[in-house]
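K.L.:
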Amino acid sequence: MAVNRSPLKRLALTLLEFFLPQLCLFCGAAVGEGAKQAVCPECAGQIQWAASPLCLCCGKVFPSREGEDRLCGSCQKEPPPFSRARAAAIYHGPPAEAIKRFKFNRALAYLPVMQEWLRPLAGEMAAQADLVLPVPLHPRRLQDRGFNQALMLAQGLADLPVERDLLIRVRHTRPQVELNPQERRENVKGAFAVSRPERLKGKRVLLVDDLFTTGATARECARALRKAGARQVEIITVARTKED
Ligand SMILES: [Zn+2]
Ligand SMILES: [Zn+2]
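All residue numbers for the sequence shown refer to the numbering used here, where the first residue is 20 and numbers rise by one.
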């Protein structure tokens, strides 16, 4: 007699998950039963949150821990086309590991952890937005990687519609990581376009990406969105580099 094993298998997996200790995604140490996140206290303690004082516009974290949030020198000199960029953490330790392993090793276990880090910031920023848009990948890169990490981060992050094909990449670009700041700007110049500008007219957009480095990609996306009629563009990332 044929036995349908799948409910049994499911039960066995549930039992295993229940009895096996949950392991920290970063160092493998057992984390407490019923822990909300698979991050042990030691690894959690290594996270450097992107805390004030920071640039009111680009979110750059000032090296001095004194003083108020204010505009940084480069935002004063050349205001970016986005009104605010914010990151949950500094690109260092667990957030840097999570971003790399998720993007390059397809380690999906890191997705809920990164969304958890983003959630407080996302809630605050989504309250001042109408649409959530992921920074798009070029179809060729999407085919290589199999998924857009920004889209996966954006989904379910805030109580707003995620528009996946509104902002598109019209030019295949080299990975920004290989380039210096000047080359990064040129590399992404004209790389983005808006597919249906009528959906964007007068809207406030919250862009989602995994990492903010020099802001070249964020600026270029924001430029395309503003040109297509968006009223405001803000960007949220899991992490940002300390210096730019
Ligand atoms: Zn750990
Ligand atoms: Zn700034």
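Yeah, the Cβ is synthetic: ideal placement off N, Cα and C, and Gly gets one too.
Are the CB atoms of LEU42 and ALA49 nearer to each other than 8 Å?
P.N.:
Looking up residue 42 in the sequence shown gives position 23. Looking up residue 49 in the sequence shown gives position 30. Taking 8 Å as the Cβ cut-off, LEU42 and ALA49 qualify as a contacting pair.
K.L.:
Please state whether DSSP places THR264 in a helix, a strand or coil.
P.N.:
What the structure shows of the chain is the stretch from 20 to 263, and residue 264 is not part of that stretch, so it cannot be assessed.
K.L.:
Going by DSSP, what residues sit across from ARG238 in a beta bridge?
P.N.:
Reading the sequence shown from its first residue, position 219 is the one you call residue 238. DSSP lists no partner for ARG238.
K.L.:
Nearest CA to the CA of PRO153: which residue from GLY165, PRO139 and MET171?
P.N.:
Sequence index remark: in the sequence shown, residue 153 carries index 134 (1-based). That would be MET171, whose Cα lies nearest to the Cα of PRO153.
K.L.:
Taking the beta strand (DSSP E) that ALA104 belongs to, which residues open and close that run?
P.N.:
As a first step, residue 104 is located in the sequence shown; it is residue number 85 there, counting from the start. Counting along the chain, the beta strand (DSSP E) containing ALA104 begins and ends at 103 to 109.
K.L.:
Could you round the C-beta distance between ALA210 and LEU179 to whole angstroms and report it? I think they count as a contact, below 8 Å.
P.N.:
Along the sequence shown, read from residue 1 onward, the residue named residue 210 stands at position 191. Along the sequence shown, read from residue 1 onward, the residue named residue 179 stands at position 160. The pair is not a contact, with the Cβ atoms about 25 Å apart (cut-off 8 Å).
K.L.:
Nearest-angstrom Cα distance between VAL189 and VAL213?
P.N.:
Mapped onto the sequence shown, residue 189 falls at position 170. Mapped onto the sequence shown, residue 213 falls at position 194. Taking the straight line joining both Cα atoms gives about 9 Å.
K.L.:
Indicate, with yes or no, if ligand 2 has a heavy atom lying under 7 Å from the CB of SER93.
P.N.:
The residue you call residue 93 lines up with position 74 of the sequence shown. Yes, since a heavy atom of ligand 2 falls inside the 7 Å radius drawn around the Cβ of SER93.
K.L.:
What residues come near ligand 1, if near means a beta carbon less than 6 Å from any of its heavy atoms?
P.N.:
Cβ atoms closer than 6 Å to ligand 1 belong to CYS43, PHE45, CYS46, ALA48, CYS59, GLU61 and CYS62.
K.L.:
From what residue to what residue does the beta strand (DSSP E) around GLU253 run?
P.N.:
Here the question's residue 253 lines up with position 234 in the sequence shown. From DSSP, the beta strand (DSSP E) with GLU253 extends over 251 to 259.
K.L.:
Taking DSSP's pairing of strands, which residues face ARG188 in a bridge?
P.N.:
Residue numbering aside, residue 188 sits at position 169 when the sequence shown is read from its first letter. Beta-bridge pairing links ARG188 to PHE211.
K.L.:
Leaving out the 5 sequence neighbours to the left and right, which residues in its chain are closer than 7 Å to LEU198 when beta-carbon positions are compared?
P.N.:
For the purposes of this step, residue 198 is taken as residue 179 along the sequence shown, with counting starting at 1. The answer, listed in chain order, is ASN206.
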